[in-house]
Each structure stands twice: as structure tokens, then as C-alpha cells.
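2 protein chains.
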Amino acid sequence: MTDYAVIGDWGTSRLRLFRVENGVVAARRDGPGIGAVGRAAEGAFVETIAPWLEQGAPESITLCGMVGARDGWVEAPYADCPADAAAWRKAAVRFDWRGVPLAIMAGLACEGADGIPDVMRGEETQIFGAIDRDPALGQGRHLIVLPGTHNKWSLVEDGRIVAFRTVPTGELFALLRDHSTLSPKVEATDATEEAAGFAEGLEKAGVGKLSQSLFAARAMRLRAGRSADWALGYLSGLLIGCEVAEVRSSLGEDADVLLIGDKRLSARYAQALEAQGVGSTAIDGDACALAGLGYFGDVTA
Amino acid sequence: MTDYAVIGDWGTSRLRLFRVENGVVAARRDGPGIGAVGRAAEGAFVETIAPWLEQGAPESITLCGMVGARDGWVEAPYADCPADAAAWRKAAVRFDWRGVPLAIMAGLACEGADGIPDVMRGEETQIFGAIDRDPALGQGRHLIVLPGTHNKWSLVEDGRIVAFRTVPTGELFALLRDHSTLSPKVEATDATEEAAGFAEGLEKAGVGKLSQSLFAARAMRLRAGRSADWALGYLSGLLIGCEVAEVRSSLGEDADVLLIGDKRLSARYAQALEAQGVGSTAIDGDACALAGLGYFGDVTA
Numbered sequence: 001m002t003d004y005a006v007i008g009d010w011g012t013s014r015l016r017l018f019r020v021e022n023g024v025v026a027a028r029r030d031g032p033g034i035g036a037v038g039r040a041a042e043g044a045f046v047e048t049i050a051p052w053l054e055q056g057a058p059e060s061i062t063l064c065g066m067v068g069a070r071d072g073w074v075e076a077p078y079a080d081c082p083a084d085a086a087a088w089r090k091a092a093v094r095f096d097w098r099g100v101p102l103a104i105m106a107g108l109a110c111e112g113a114d115g116i117p118d119v120m121r122g123e124e125t126q127i128f129g130a131i132d133r134d135p136a137l138g139q140g141r142h143l144i145v146l147p148g149t150h151n152k153w154s155l156v157e158d159g160r161i162v163a164f165r166t167v168p169t170g171e172l173f174a175l176l177r178d179h180s181t182l183s184p185k186v187e188a189t190d191a192t193e194e195a196a197g198f199a200e201g202l203e204k205a206g207v208g209k210l211s212q213s214l215f216a217a218r219a220m221r222l223r224a225g226r227s228a229d230w231a232l233g234y235l236s237g238l239l240i241g242c243e244v245a246e247v248r249s250s251l252g253e254d255a256d257v258l259l260i261g262d263k264r265l266s267a268r269y270a271q272a273l274e275a276q277g278v279g280s281t282a283i284d285g286d287a288c289a290l291a292g293l294g295y296f297g298d299v300t301a
Numbered sequence: 001m002t003d004y005a006v007i008g009d010w011g012t013s014r015l016r017l018f019r020v021e022n023g024v025v026a027a028r029r030d031g032p033g034i035g036a037v038g039r040a041a042e043g044a045f046v047e048t049i050a051p052w053l054e055q056g057a058p059e060s061i062t063l064c065g066m067v068g069a070r071d072g073w074v075e076a077p078y079a080d081c082p083a084d085a086a087a088w089r090k091a092a093v094r095f096d097w098r099g100v101p102l103a104i105m106a107g108l109a110c111e112g113a114d115g116i117p118d119v120m121r122g123e124e125t126q127i128f129g130a131i132d133r134d135p136a137l138g139q140g141r142h143l144i145v146l147p148g149t150h151n152k153w154s155l156v157e158d159g160r161i162v163a164f165r166t167v168p169t170g171e172l173f174a175l176l177r178d179h180s181t182l183s184p185k186v187e188a189t190d191a192t193e194e195a196a197g198f199a200e201g202l203e204k205a206g207v208g209k210l211s212q213s214l215f216a217a218r219a220m221r222l223r224a225g226r227s228a229d230w231a232l233g234y235l236s237g238l239l240i241g242c243e244v245a246e247v248r249s250s251l252g253e254d255a256d257v258l259l260i261g262d263k264r265l266s267a268r269y270a271q272a273l274e275a276q277g278v279g280s281t282a283i284d285g286d287a288c289a290l291a292g293l294g295y296f297g298d299v300t301a
């Protein structure tokens, strides 16, 4: 029997568990998201981890993400911004689970200058992990974006997350794609058309352009011979382009951007940022999440 | 047997037929929208008008709206902006239907300064009807808004519609209400809470504020004790407020606004306009549609 620890990222849509042995990820198991299991989280956790438990209990379990939400397994608090890694780690909820010390990391909360409060659960682990992996990020000001269903735009100053804003662009795009009269198609089959639409969406984007440029996804098909694939790309480009222009304008921040997350989506944000004259770097979200949970090795199981 | 004419507004979601006898609306019949019947429009028309046909054929039939779309009954052209009432009326498609002269009014098309084309079918009838009813609207510049699923913002100059822009705010709100994680409720049950949310949405609205203020519908429930009813109102206020601010800014138009349409929705736009220091007047959409089809009497059947 080998000693091992379990670390995991349990978000709304999926559970990813990593088995760390001798400082190396030795295995990975995926399970259902918190959104699907809610209060039945413990049962889903047992089911996902069972093959490992049969080989003996882990030394510790550390989880981050929506698992700590009110409707998750056990509620973890929100640490208030500005927050550094130490304050955030201290806010975790820790308990004994079948004789194993289990920690569920805290989320983060902040309030914007416009009086709008905001929260995150899981992304803070990736941000603190990115800082742990790259000491240069721990100094000076950095604008970090985690693209996803609910994008998180975060301002980091000398290693502290000072403010952030959630922008539900991914969810908005999915609604327009799946349920609206603006897009007759839910999946692009012609990548060239889709890319042309994306580029044209970026062109039409800007501060305050969203309301008045949305209907073009339909009107350009009726009047300018554009295709359904084009319309899908256009909606994506317009939404991302408006998000980038509006949030940057509001943050008054012109620094280059660090993108953390899925490669394909990060590439789209990089293109949108570039169209507005902003440079960016992209790094892998899984590696950052694991670093935030204290693991700095290779992520591939 | 009394001589009569039939005029009707056949949009995406409903058919409204009016029987005009001796210059008075004597009866009204409602039928399914073009969105529901499409190419089977003629059958649905026959079914709706049947009780009148049994009493004898009308002298004429005049229809406006999506009935003239490519997927409607018979396609009617788009008149190009700038267009006055005479040019628009001339563009109608006219044919003999069972011995009765039938006209389907044209739509309107335009292209914005930003290169985005746009179209309307049905709203132009209401705008020209409003001008026919009030000669003062036929002179000078006027900003006319027809709130609905796809709002039409139209600039009228000396009786001509010179430009317009469609903003799908009604559709966007319905998507967020019915399918998003931002609103846990699809119908408000506490009108006071909903109204408070609407007012707070208007406060947070402005040019370029949509992306970054949307998530507050959820975050304010989690962190500031707001209710699900509040969130519904907030989303409505934010969307309408951003639309009003952004379209007016883009049109560079600071004139008062004429609202044509449904009373409740017009009142919401009036409130949003007032919050931004703009006056407005609201008039009934049905009366305008009938005036655009040549009938100026009482609309109540």
C-alpha cells in the first residue's frame, strides 16, 4: 500500500480528483459536477473515489470549487478581498472525514466601486496557483482573466487579489446559440465561416455596442448573405469583444492580460484582446488549480 | 349583407383581423401568429376569417407584418430607407384572392452608419399610422421607439423614416428569465420587490455597463439579501436602461421619445428614459397599426 494524498477541483459541471503519490500525480478520476449532485455530494464523492479507498485511505483530501457552496457538500466561507494566499488558505473549512483530514478551500468575495458585490469559488485557487508557479506574478499589478461560463476578471496587486468581476459571457452566448431567434444553428459545421463571423463580431464590438449590434446576427443573414455558421461566430466575437472592451474600460486597466483556462477559449480571448491592442499570455487552468492546492508537478495522469 | 373591408396585423406571434363596416370597426377576430403557421398561412387565414366569409366576400383585404416575410404567406418586398408613406405603400404586393383584392404591405430595410443592415415588418405600418394620426409628427425630427421582443428605434425626419435599429432586448430578457442561472424565477409574485429591482437595474445601467452588471442579479441575492423577484426586476431594468443609454448615445439623438406599443412595456421604457433625463409620450400600437392601414376610427370592436 502506497501513501497518497487526494486533491481535487469540484466545480458546477465536473469533479476532477488527482491522486498524488511521492509528489507525482499517479492517477485521475472524474465525477459529476456539484450542479448535478448538490446535497448528495458526499455519495457522489464516495462513488468517484471508491477504487482508491479500496487500496487504503489517503493521508489527506483537499478540494476547491463549488463543493464549498451553500448547496454543495459542506459550506466554506468566502475570504474578503483584498486577500493574499495565506488569508485565503486560513479560511478553508477543515473536518475529519472517515478518519482522513479533509479541507474544502474558501471562495472569495469582493465589492466593486459601483457597489456590486461579487463571488468566486474555484477560480481563486487557480489564481493563487498561478502566482505560486510564477513569482513574477506576485509582484506589481496584473490583470488575470479566467474565461468560462462565468468569466472572472481579477486584479492582482503584489500577490493579493484586490478586486474581481464576474461576466457571464459564456452563459449568454449559450443562451443565444441554443434558444434565440438570432442563431438558427447550435453548432458550427463550417469552421472558416465561423471564424469569419468571429472576426466580424470583434470588429463590431466596443464599449456600449452590445445592444445595437446583436440583431446583426440575424439581419446580416437576411440582407447581406451571411450564413448560419457565420452568425454563430459573429455572436461569439461580438460578446467577447464587448466584454473585453467594457470591463477593461471600467477597470481603467491597460496592462497585458494573463489568461488561465481552456486552450480554445483562451485563444478566442487572446484574439479579442489583440484586436483591441492588448497583449496576453495563456496558461493551463488544471496546472494552476493543482498548484493552488499545493501540487507543482506534471498534471498528466 | 353589409359591405365591409378587412384590415389586419399579422405578426410572428398573432393575427389580428378587423372588420370595417361604414368606416367603423364592427368586429375583430384573432388567429395564430405567422411564427406558428409559416407556409400554411393561407389555411390559417381562411379558418380565422371563415365566419365573415360566410356572410359574403369583403371588398378588400389589407395585411401588414410578418405575413409578408419570406417564410410567410406571400413575400412582400422591403422598401429602402429613407422612405415616406407613399413609397412604402407603393411597394406592397397586391394580388387577387378568391376574387378579392388583397394587399400585403411592404417591410422596410436600412443600413446603419456602422455598416449593419436592418429590417422591419409591421412596425413601419404603426409609425406611418402614427404620422397620419398626428400631422406634427410629419415635420421635424422624431425618435420613435416600438418596444417589444425586437424593439425598433426609428428616426423620422419630415415624415420619412430615415434610419432604424433593432434591439432584441425583449428576447434577451426572456432568455435570461427562462433559461439562465441569473434568475431563479420566471415570474414575479411580489410586485414591490420586482419594482425595486427594476429601479436598481436602471441605476446600474449605462453605456457599456451591460457585461459587468449582469451577474449582479445573482451576486446581490447571494451577498446582499436581494430576492428572486428583485432579480427579475433588476434584469429588466438593467437591460432596458443599457439599451436606452447605448442606442441614444449611438444615434446622437437627444430629442424626446414617442413610444408606440403595449401600455405596460411602454411605461417601463418611459421610466428608463426619465431616469436618463429624457421625456416621452406613449400611444397605442393597435390604433397606429390600423391608421397605417387606412383606418382612423375607434379600435375597440
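So the sequences go chain by chain: H and V.
Okay, so the first sequence: first residue is 1 according to full-length UniProt numbering, each after it adds one.
Okay, so the second sequence: first residue is 1 according to full-length UniProt numbering, each after it adds one.
Cβ atoms here follow ideal geometry from the backbone N, Cα and C, with glycine treated the same way.
Would you please state the rounded distance, in angstroms, between the beta carbons of Gln212(V) and Glu111(H)? I believe it to be under 8 Å.
-> The Cβ separation is near 13 Å, so there is no contact.
Using a Cβ-Cβ distance under 8 Å, would Cys242(V) count as near chain H?
-> yes
Report yes or no: do three or more beta-carbon pairs, one from the stretch 111-131 of chain V and one from the stretch 176-196 of chain H, lie closer than 8 Å?
-> no
Tell whether a beta-carbon distance below 8 Å holds between Thr281(V) and Leu265(V).
-> no
Check the Cβ of Gln212(H) against every Cβ in chain V and list those closer than 7 Å, keeping chain order.
-> Arg165, Val167, Glu246, Val247 and Ser250
Can a CB atom of chain V be found closer than 8 Å to the CB of Asp118(H)?
-> yes
Return the CA-CA distance between Trp97(V) and Ala57(V), expressed in angstroms with no decimal places.
-> 10 Å
Using a Cβ-Cβ cut-off of 8 Å, state whether Ser180(V) counts as contacting chain H.
-> yes
DSSP three-state assignment for Ala289(V), whether helix, strand or coil | helix
Name, please, each residue of chain H whose Cβ falls closer than 8 Å to the Cβ of residue 302(V).
-> Outside the shown range of chain V, which is 1 to 301, sits residue 302(V), and nothing can be said about it.
Nonlocal neighbours in the same chain, by C-beta distance under 6 Å from Asp254(H), ignoring five residues either side = none
In chain V, what lies closer than 8 Å to Met220(H) by C-beta?
-> Ile116 and Pro117
Could you check if Leu108(V) is buried or exposed, using at least 16 other CB atoms within 10 Å of its CB as the buried criterion?
-> buried
Helix, strand or coil: how does DSSP classify Gly138(V) here?
-> helix
In the stretch 179-209 of chain V, which residues sit with their C-beta less than 8 Å from some C-beta in chain H, listed in chain order?
-> His179, Ser180, Thr181, Leu182, Lys204, Val207, Gly208 and Lys209
Can you tell which of Arg221(H), Ser236(H) and Gly33(H) has the C-alpha that lies nearest to the C-alpha of Leu202(H)?
-> Ser236(H)
Residue of Ile49(V), Arg218(V), Met66(V) and Gly170(V) minimising C-alpha distance to Val37(V) | Met66(V)
Secondary structure at Leu182(V), three-state DSSP: helix, strand or coil?
-> coil
How big is the Cα-Cα spacing for Ala291(H) and Leu239(V)?
-> 39 Å
Helix or strand or just coil, what does DSSP make of Gly277(H)?
-> coil
Contact check, Gly68(H) vs Ala106(H) under 8 Å by CB: the rounded distance?
-> 7 Å
Taking only the alpha-carbon atoms, compute the straight-line gap between Ile104(H) and Gly252(H) and give it to the nearest angstrom.
-> 34 Å
Whose C-beta lies closer than 7 Å to the C-beta of Arg33(H) among residues of the same chain, with five residues either side of it excluded?
-> It is worth fixing the name first, because residue 33(H) is Gly in this sequence and not Arg. Gly11, Thr12, Ser13, Arg14 and Leu15.
Is the Cβ-Cβ distance between Arg70(H) and Pro117(V) less than 8 Å?
-> no
Local conformation of Ala40(H) per DSSP, three classes = helix
Residues that Pro77(H) bridges to, as DSSP identifies them | In DSSP, Pro77(H) forms no bridge with anything.
Interface partners of Ala109(H) on chain V, CB under 8 Å = Arg223
Whole angstroms is fine: what's the gap from Gly140(V)'s alpha carbon to Ile161(V)'s?
-> 12 Å
Leu175(V) at chain H interface by Cβ criterion, 8 Å = yes
Tell me, please, whether the CB atom of Ala83(H) is closer than 8 Å to any CB atom in chain V?
-> no
Is the Cβ of Ala216(V) closer than 8 Å to any Cβ of chain H?
-> yes
Taking the continuous beta strand (DSSP E) assigned at Asp30(V), which residues delimit it?
-> Val24 to Pro32
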